[in-house]
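Take the sequence shown: its position 80, counting from 1, is numbered 270 in our numbering, and each next residue is one higher. For every residue, glycine included, the Cβ atom is placed at its ideal position computed from N, Cα and C. Predicted model, so just to flag it, every value in this text is computed and none were measured.
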Amino acid sequence: ITVISEGLADEINASLWTKDYITGCIGSEYHHKFRAFQKQSRAVTKGDSTTMIEYHEEQSGWYSMKVASYFEYLEKRRSVQGGQQESSESSDGSEKLFRFEDSNGKVHCINAEEVSLVSCCNF
Numbered sequence: 191i192t193v194i195s196e197g198l199a200d201e202i203n204a205s206l207w208t209k210d211y212i213t214g215c216i217g218s219e220y221h222h223k224f225r226a227f228q229k230q231s232r233a234v235t236k237g238d239s240t241t242m243i244e245y246h247e248e249q250s251g252w253y254s255m256k257v258a259s260y261f262e263y264l265e266k267r268r269s270v271q272g273g274q275q276e277s278s279e280s281s282d283g284s285e286k287l288f289r290f291e292d293s294n295g296k297v298h299c300i301n302a303e304e305v306s307l308v309s310c311c312n313f
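Printed below as a string of structure tokens:
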């Protein structure tokens with residue numbers, strides 16, 4: 191395995207790992223193993239002080255989406271977390287929502303600020 195890995199590494203071209211290149215090659219293909227992690231918080235008391243901690247709790251089930259949609263999700267999440275999202279006067283939180291269609295045609299809507307989608311692959 192090491193010999194094969196080193197041989198492959200010698201031929202890897204960084205220009206082939208750009209978002210545009212990957213989207214052009216497989217952007218319309220579905221990836222079926224995305225896990226969702228919901229942001230949670232809880233109070234932790236130690237002695238006389240209480241601190242709120244944040245953590246991500248794994249949700250049950252899997253999501254599938256096009257590779258291009260996952261890149262869109264990553265951009266949306268980056269924008270929402272960076273505070274770059276335009277907020278309207280009547281902010282109802284919809285600017286944080288990301289909508290995508292799975293391989294069965296079902297439309298999903300998740301909060302890009304509160305939910306982390308992670309691609310899971312078996313090698």
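Collapsed DSSP secondary structure at residue i in the structure displayed
i           : result
residue 208 : coil
Neighbourhood of residue i by C-beta, 7 Å cutoff - its chain only, sequence neighbours within 5 removed
i           : result
residue 266 : 288, 302
Beta-ladder partner(s) of residue i, from DSSP
i           : result
residue 241 : 234
residue 246 : 229
Minimum Cβ-Cβ distance from residue i to chain B less than 7 Å
i           : result
residue 305 : Structure shown: chain B not included; a single protein chain is present.
Nonlocal neighbours in the same chain, by C-beta distance under 8 Å from residue i, ignoring five residues either side
i           : result
residue 244 : 229, 230, 231
residue 242 : 231, 232, 233, 234
residue 213 : 257, 258, 261
Other residues of its chain near residue i: CB distance less than 6 Å, five sequence neighbours each side excluded
i           : result
residue 219 : 257
residue 217 : 257, 258
residue 291 : 297
Spatially closest choice to residue i from the options, by CA coordinates
i           : options            : result
residue 293 : 248, 223, 305, 282 : 223
residue 300 : 226, 246, 239      : 226
- prompt: Residue ranges of each beta strand (DSSP E) run of no fewer than 3 residues wholly in the stretch 255 to 310, ordered along the chain?
  reply: 287 to 291, 297 to 301, 305 to 309
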